[in-house]
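What follows is a short report on a single structure.
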Amino acid sequence: MFSELDETIKQILVHEGGMAPAEIEISFEIPNREWSAGIARPTINCYLFDIRENRELRQGGVQVERNGPNGTAARRRPPLRLDLTYLVTAWTRAVEDEHRLLWHALRTLMRFPTLPTGRLQGALGAHELPIYARVAQAESVLKSPGEFWTALENQLKPSLSYTITLAVDHDAVPAGPPVLTTSTSLRTIEVEGAGSADLRIGGVARDEAGEPVSGVELAIEGHGAPATSGADGRFTLRVPRAGEYTLVARAGERVVRSTISVPAPDYTVTIAPAGPPAARPRARRNKEGPGGA
Numbered sequence: 001m002f003s004e005l006d007e008t009i010k011q012i013l014v015h016e017g018g019m020a021p022a023e024i025e026i027s028f029e030i031p032n033r034e035w036s037a038g039i040a041r042p043t044i045n046c047y048l049f050d051i052r053e054n055r056e057l058r059q060g061g062v063q064v065e066r067n068g069p070n071g072t073a074a075r076r077r078p079p080l081r082l083d084l085t086y087l088v089t090a091w092t093r094a095v096e097d098e099h100r101l102l103w104h105a106l107r108t109l110m111r112f113p114t115l116p117t118g119r120l121q122g123a124l125g126a127h128e129l130p131i132y133a134r135v136a137q138a139e140s141v142l143k144s145p146g147e148f149w150t151a152l153e154n155q156l157k158p159s160l161s162y163t164i165t166l167a168v169d170h171d172a173v174p175a176g177p178p179v180l181t182t183s184t185s186l187r188t189i190e191v192e193g194a195g196s197a198d199l200r201i202g203g204v205a206r207d208e209a210g211e212p213v214s215g216v217e218l219a220i221e222g223h224g225a226p227a228t229s230g231a232d233g234r235f236t237l238r239v240p241r242a243g244e245y246t247l248v249a250r251a252g253e254r255v256v257r258s259t260i261s262v263p264a265p266d267y268t269v270t271i272a273p274a275g276p277p278a279a280r281p282r283a284r285r286n287k288e289g290p291g292g293a
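Here it is in structure tokens:
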């Protein structure tokens, strides 16, 4: 759930705040000295540093829910409300640019007292209750910023507290063991020519098991706007003409770059991001395309 919330915040900053991934990096890593030394471009860091129950919203007892016209009822405990607080900072070479970027992040986040449903990722999209958000509040849990940054061995930075209030069902049953890494979050990305004159290309993002992956951000480096894979893993991008391009896929903190060849809009290209740098992927014609087998 936390990774899906991270991706939701990223989608808000990118699509509602206009922070193009090709120009501004959005990171959720701990902003220590080692991390900041590797920054290569303007970056917004959203570090999840505090998780606690919101006791003001705590409800006692049990709730009785009616199950349809047959009159049966079920008893369940009210959800647990959690406050998840992010520390939002901006990182640039010039302090003036840093302040502008942080101000822009503030103006973007403050527009949404509840997270926009159209940007909710993964299981958050089925969340029954509104997901509340507040930014730059006086009751921030970070009481001593100096001590925080000293512990990270980094310079003191102006920051925003961004708190998300999430309801967690007591009675939810886990679907399986937790996923502890995103290192295998992308297995293949298939890029199929759509057969149109404007050279639209589309495909499917899949995980290690071959299942579709939603919320993967994909872009043709240097060309056009990024796209996000849907619930079925599918995405669509545009290229200006036939040729070679760099396809960039982001899943959580993992970034995969692959060279694809688009000789014509009726080709399918399969990219294998993992594994040794073998021979460059071959393109094959779709059966529906001109000259197909």
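In my numbering, the protein residues as written are 1 to 293. Beta carbons are placed, not taken as given, at the ideal position from N, Cα and C, and that holds for glycine.
Judged by DSSP secondary structure, residue 95 falls within the alpha helix (DSSP H) whose first and last residues are 95-109. Within the DSSP secondary-structure output, residue 50 pairs in a beta bridge with 85. Counting C-beta pairs with one atom in each stretch, the segment 156-167 and the segment 120-140 have three or more that are closer than 8 Å, which means they touch. Three or more Cβ pairs drawn from the segment 12-28 and the segment 96-115 lie within less than 8 Å of each other, which places the two stretches in contact. Counting other Cβ atoms within 10 Å of its Cβ, residue 217 reaches 16 or more and is therefore classed as buried. Residue 92 is positioned such that its CB atom lies closer than 8 Å to that of residue 42.
Taking all protein chains shown into account, residue 96 has fewer than 16 neighbouring C-beta atoms within 10 Å of its C-beta and is therefore exposed. Sorting 146, 229, 127, 219 by C-alpha distance to the C-alpha of residue 260 places 219 at the top. Excluding its 5 nearest sequence neighbours in each direction, residue 167 has C-beta neighbours in its own chain below 6 Å: 79, 81, 129, listed in chain order.
Per DSSP, reduced to three states, the secondary structure at residue 242 is coil, with no helix or strand assignment. Residue 250 counts as buried, since no fewer than 16 other beta carbons sit within 10 angstroms of its beta carbon. Put simply, of 212, 200, 123 the residue whose alpha carbon is nearest the alpha carbon of residue 169 is 123.
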